[in-house]
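23 is the number of the first residue of the sequence shown in my numbering; add one for each residue after it.
Remarks on the structure that follows.
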Amino acid sequence: MISSSSSFSVSVFSTRTVLCALAALLVSFSNVVTVVNAGALLGQRRAEKDNILGRSIRIVNESGRKCDMYWVNTFVSPEQFVPQFIEDGVSIGLSYGSDKSLSSYIGHVFEIRELPSKRGTKKCLFETCRRVRIQVSDREDQKVTLERDFTVTIQDDISISYTKADDMYKRCQNKIKNNDDNDDGDLSPLELIEEITNCMEKEINSNILKQEEERNFHLTVHRDMATELVPFTCGDVNQTDSHEILNQTWYYKEDSRNYKIKKLHELPTSTIFTIDNFVTKDYCDALQMYRTTTNDNDDTEKGNSRHVPLSAAFEGTKQSNLLNGLLNKIYELMLDQMDTWDDLDAEDVLFNYMKDDIGYDTPTHLCVGTEEVTNAFHALEIGQPKTCQIPGGDPVVVPTKRILMEDDAHKNKRRNMNVVRNNDDNFEIDVKRKQQLADIFLFCTEPEKKILGGIHFPFARIHITPKIGKLVVAVNRKTYSNNKVQEQGQGQEQEQVDGYVNEYHLCPNHEVYVHTISGNSSGGGGGGESSEGAAAAAGGGGGGGGGVAEAPRGDGEL
23 MISSSSSFSV
33 SVFSTRTVLC
43 ALAALLVSFS
53 NVVTVVNAGA
63 LLGQRRAEKD
73 NILGRSIRIV
83 NESGRKCDMY
93 WVNTFVSPEQ
103 FVPQFIEDGV
113 SIGLSYGSDK
123 SLSSYIGHVF
133 EIRELPSKRG
143 TKKCLFETCR
153 RVRIQVSDRE
163 DQKVTLERDF
173 TVTIQDDISI
183 SYTKADDMYK
193 RCQNKIKNND
203 DNDDGDLSPL
213 ELIEEITNCM
223 EKEINSNILK
233 QEEERNFHLT
243 VHRDMATELV
253 PFTCGDVNQT
263 DSHEILNQTW
273 YYKEDSRNYK
283 IKKLHELPTS
293 TIFTIDNFVT
303 KDYCDALQMY
313 RTTTNDNDDT
323 EKGNSRHVPL
333 SAAFEGTKQS
343 NLLNGLLNKI
353 YELMLDQMDT
363 WDDLDAEDVL
373 FNYMKDDIGY
383 DTPTHLCVGT
393 EEVTNAFHAL
403 EIGQPKTCQI
413 PGGDPVVVPT
423 KRILMEDDAH
433 KNKRRNMNVV
443 RNNDDNFEID
453 VKRKQQLADI
463 FLFCTEPEKK
473 ILGGIHFPFA
483 RIHITPKIGK
493 LVVAVNRKTY
503 SNNKVQEQGQ
513 GQEQEQVDGY
523 VNEYHLCPNH
533 EVYVHTISGN
543 SSGGGGGGES
553 SEGAAAAAGG
563 GGGGGGGVAE
573 APRGDGEL
């Protein structure tokens, strides 16, 4: 049996400590398990709208009367009322027992009005039709229930979490009261607290396991679907750049101009952004010159090398100076955007050159009219390429080149060796594992046949089309250096490869230069050589191929 004094003491304790702590846990956990994206890995909720002030609100009518709802424009005088539930230009209101959702913003005010009955008295329940106002708060998942007495009950993610915590506490309290093992004597307050804590811990662990299974299921479905859609997305000639979620301006003093940064993907673990007109034709000509003059029997076919060596940026010629300036420009951009990075490693390859030598020809438009459709069917019958895509026909499916950015399995294959002096004043080899942080893509030509040739990140759902002079940056590990880890109180878990940007596909007809940025594992993003010190690295040997690890060829891959 449990004494009343013990129950009272524990109730006070649980209200102020256990209940609040558990509610906070439930809120953070619900944000993790209900959102299947990279942000969920760090317990961060992804906004439903681009505007951070945007909120969703659900209205449930339990009043027994039909109502209407208006947005109140409080920014003008007199106030204006804008009806919310409109179909075909007619206000349909909110019937009893129904519920509807709205997209709104923090601080917006709505007014719910009772409507007169259409039959019988054709009046409201009382002499005056009732009305009530609500205001959108800064909380998520707001639910407004209109009660019988025309008052409103508002629930949100915080209040729901507190309710769940309170219900869990009561269940555990009743379970302990009904436990036969406690019949021999009263539990002390501390013993009761321990029993309730153990009970709630078991319930939380059970819920976590269920939610984790659900999250893993949705994550698997998402990744499988994204993989299956790659051949269709890359084969769509009407595919455009993904919509940017943020635009920024970056000023580069050497060029005395501003560059517009379009951020397409931004998460705590990764980012993708593009800059149009980052380089001019002179830079592209310099890249081509050093690519075609490289002597490498393994990578050269008919004088066409597959990479530009880092040494090309330090020969002192006009074209070499252009490449040196390009290298510094890229690294200044990265150090500006990734403010948690220190100096970055330079490898012996300035750019890898990736080109689809086979090419792919596909219709550029839908067939219009009977004649074009007939000609397209005739081309199929005789084995010739279609001049247009038949409406309702099978979608175009193309092969792609799948590239995996370096992950933990490849760390040991790429090492940076430095000679250092130990405590005994002797020299020894300090071996540091390189970690790939980002890939930089540069387009210098139009794709073959003027179609396709883009880059697709399936798991981030980002597609980028080619354009001469365009720079694309894909960061797959926002690594912290040791000193900044200590300053910010961050852990080394930030150094893991992001699972949403670590794989990309080069669509057919691609032609792009790729530069890889790496850091040392012992120092996060630092400890290596910056672009200013790249000359020293250029004199050293060692392959690395820019750090791009090509996946094994599979079905449907170039």
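Just so you know, even glycine gets a beta-carbon here, dropped at the ideal spot from N, CA and C.
No experiment lies behind these values; they were computed from the predicted model shown.
Between which two residues does the beta strand (DSSP E) holding residue i run?
{"i": "MET360", "result": "Unbroken run through MET360: none, as it is neither H nor E."}
{"i": "TYR92", "result": "89-95"}
{"i": "HIS485", "result": "484-486"}
{"i": "ALA496", "result": "493-497"}
{"i": "LEU268", "result": "268-274"}
{"i": "PHE172", "result": "No beta strand (DSSP E) holds PHE172; DSSP gives it neither H nor E."}
{"i": "GLU162", "result": "From DSSP, GLU162 is part of no beta strand (DSSP E); its letter is neither H nor E."}
{"i": "GLU525", "result": "525-528"}
{"i": "HIS329", "result": "329-331"}
{"i": "SER292", "result": "292-297"}
{"i": "LEU372", "result": "371-377"}
{"i": "ILE425", "result": "423-427"}
Taking only the alpha-carbon atoms, compute the straight-line gap between residue i and residue j and give it to the nearest angstrom.
{"i": "THR422", "j": "ILE156", "result": "52 angstroms"}
{"i": "SER333", "j": "GLY491", "result": "22 angstroms"}
{"i": "GLN102", "j": "TYR184", "result": "37 angstroms"}
{"i": "ASP163", "j": "ILE539", "result": "40 angstroms"}
{"i": "TYR274", "j": "ILE412", "result": "48 angstroms"}
{"i": "LEU251", "j": "GLU234", "result": "26 angstroms"}
{"i": "ASP178", "j": "VAL395", "result": "55 angstroms"}
{"i": "GLY541", "j": "GLN458", "result": "6 angstroms"}
{"i": "ASP221", "j": "VAL174", "result": "Here residue 221 is Cys; the residue named in the question, Asp, does not match the sequence. Their Cα atoms are separated by approximately 34 angstroms."}
{"i": "HIS287", "j": "ILE267", "result": "7 angstroms"}
{"i": "ASP468", "j": "LYS489", "result": "The sequence given here has Glu at residue 468, not Asp. Answer to the nearest angstrom: the Cα atoms are 7 angstroms apart."}
{"i": "VAL523", "j": "THR291", "result": "9 angstroms"}
{"i": "LEU271", "j": "ILE462", "result": "Note that residue 271 is Thr in the sequence shown here, rather than Leu. So the alpha carbons of these two residues sit roughly 19 angstroms apart."}
{"i": "ILE486", "j": "PHE479", "result": "9 angstroms"}
{"i": "ARG313", "j": "VAL390", "result": "44 angstroms"}
{"i": "ILE182", "j": "VAL98", "result": "35 angstroms"}
{"i": "ARG483", "j": "VAL418", "result": "19 angstroms"}
{"i": "ASP304", "j": "SER278", "result": "18 angstroms"}
{"i": "ASP246", "j": "PHE172", "result": "48 angstroms"}
{"i": "LYS200", "j": "ASN227", "result": "Sequence check: residue 200 is Asn here, not Lys. Whole-angstrom Cα-Cα distance: 22 angstroms."}
{"i": "ILE176", "j": "LYS186", "result": "16 angstroms"}
{"i": "ALA496", "j": "LEU214", "result": "54 angstroms"}
{"i": "TYR92", "j": "ASN73", "result": "22 angstroms"}
{"i": "THR302", "j": "ASN350", "result": "16 angstroms"}
{"i": "HIS240", "j": "ASN498", "result": "22 angstroms"}
{"i": "THR242", "j": "MET427", "result": "20 angstroms"}
{"i": "SER139", "j": "LEU75", "result": "37 angstroms"}
{"i": "THR262", "j": "GLU354", "result": "28 angstroms"}
{"i": "ILE425", "j": "ILE180", "result": "42 angstroms"}
{"i": "LYS192", "j": "GLU216", "result": "15 angstroms"}
{"i": "GLY521", "j": "ASN269", "result": "24 angstroms"}
{"i": "GLU337", "j": "LEU344", "result": "11 angstroms"}
Would you call the CB atoms of residue i and residue j closer than 7 angstroms?
{"i": "ASN611", "j": "VAL536", "result": "Because the chain here runs from 23 to 580, residue 611 falls outside it and cannot be looked at."}
{"i": "ILE128", "j": "ARG77", "result": "yes"}
{"i": "PHE300", "j": "ILE283", "result": "no"}
{"i": "LEU309", "j": "ALA335", "result": "no"}
{"i": "HIS532", "j": "ASP307", "result": "no"}
{"i": "MET190", "j": "GLU225", "result": "yes"}
{"i": "PHE465", "j": "VAL420", "result": "no"}
{"i": "SER126", "j": "VAL158", "result": "yes"}
{"i": "CYS194", "j": "ILE230", "result": "no"}
{"i": "VAL94", "j": "GLU133", "result": "yes"}
{"i": "MET311", "j": "GLN359", "result": "no"}
On the DSSP letters alone, give me the boundaries of the alpha helix (DSSP H) that residue i sits inside.
{"i": "HIS244", "result": "211-256"}
{"i": "ALA401", "result": "391-403"}
{"i": "ASN196", "result": "179-199"}
Checking the sheet assignment: what are the DSSP bridge partners for residue i?
{"i": "SER126", "result": "ARG77"}
{"i": "SER113", "result": "ILE108"}
{"i": "LEU286", "result": "None, per the DSSP bridge assignment."}
{"i": "ILE156", "result": "PHE132"}
{"i": "LEU464", "result": "LEU493 and TYR535"}
{"i": "PHE103", "result": "VAL94"}
{"i": "PHE479", "result": "ILE484"}
{"i": "TYR281", "result": "TRP272"}
{"i": "ASN82", "result": "Going by the sequence as given, residue 82 is Val instead of Asn. According to DSSP, VAL82 bridges with ASP121 and THR167."}
(request) Specify whether the segment 135-148 and the segment 106-114 touch according to this definition: at least 3 beta carbon pairs, one from each stretch, less than 8 angstroms apart. (result) Contact annotation: the segment 135-148 does not touch the segment 106-114, with fewer than three C-beta pairs closer than 8 angstroms.
(request) Could you tell me whether the segment 75-93 touches the segment 152-169, where touching means 3 or more Cβ pairs closer than 8 angstroms? (result) Enough Cβ pairs lie closer than 8 angstroms, so yes.
(message) Would the segment 146-154 count as touching the segment 114-126 if we require 3 or more Cβ pairs under 8 angstroms?
(response) no
(request) Would you check if the segment 381-400 and the segment 470-486 touch, i.e. whether three or more CB-CB distances between them fall below 8 angstroms? (result) When Cβ pairs closer than 8 angstroms are counted between the two stretches, the segment 470-486 is seen to touch the segment 381-400, the count reaching three or more.
(message) Using a Cβ distance threshold of 8 angstroms, determine whether the segment 527-535 contacts the segment 246-266, with at least three qualifying pairs required.
(response) yes
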